[in-house]
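Engineer:
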């Protein structure tokens with residue numbers, strides 16, 4: 013979900029265009045009825061992420077959901093579905109966001125799911141949001 017004072021939009025994996033970030037940002041801006049520079053400034057100001065970093069974060073979030081909800085899907089398939097141009101980009105973005113490779117994250121998540129019957133991947137991303145908000149508060 014991209015939520016700012018100016019606009020709010022819920023993004024699903026299929027709605028995040030794949031490809032180069034300048035193209036992705038332009039497509040998102042057009043779909044929101046704004047321009048790329050305004051969208052980028054607004055996301056950065058409100059969320060503390062650059063727009064490309066936020067897009068990657070959304071893609072990794074959707075990848076985590078797909079890993080849990082569809083364990084039969086391969087990482088390559090998930091990578092493509094979430095808009096990553098290459099599996100190496102997916103692996104690097106995933107590790108940068110979660111601190112773990114997709115393989116390790118999936119294995120640990122499936123153990124938690126097997127033991128508890130669920131996996132709350134939203135908690136991980138909520139914690140990341142809280143860290144960003146705390147960082148932003150310290151800077152002001």
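In the numbering used here, the protein residues as written are 13 to 152. C-beta atoms are modelled at their ideal positions from N, C-alpha and C, and glycine is treated no differently. Remember, it's a predicted structure, so these values are computed and weren't measured experimentally.
1) Look up residue 94 in the DSSP assignment and say whether it is helix, strand or coil.
2) Let me know the beta strand (DSSP E) ranges lying completely inside the segment 45-93, each 3 residues or longer, listed in chain order.
3) What distance in whole Å lies between the Cβ atoms of residue 61 and residue 48, which are believed to be in contact at a cut-off of 8 Å?
4) For residue 113, which of helix, strand or coil comes out of DSSP?
5) Below 7 Å CB to CB, which residues in the same chain sit around residue 72 once its five sequence neighbours on both sides are set aside?
Structural biologist: Reading from the atomic positions:
1) The three-state reading of DSSP puts residue 94 in coil, since its state is none of H, G, I, E or B.
2) If we require 3 residues or more, the segment 45-93 turns out to have no beta strand (DSSP E) run fully inside it.
3) Wrong, their Cβ atoms sit about 15 Å apart, outside the cutoff.
4) coil
5) 105, 106, 109, 110
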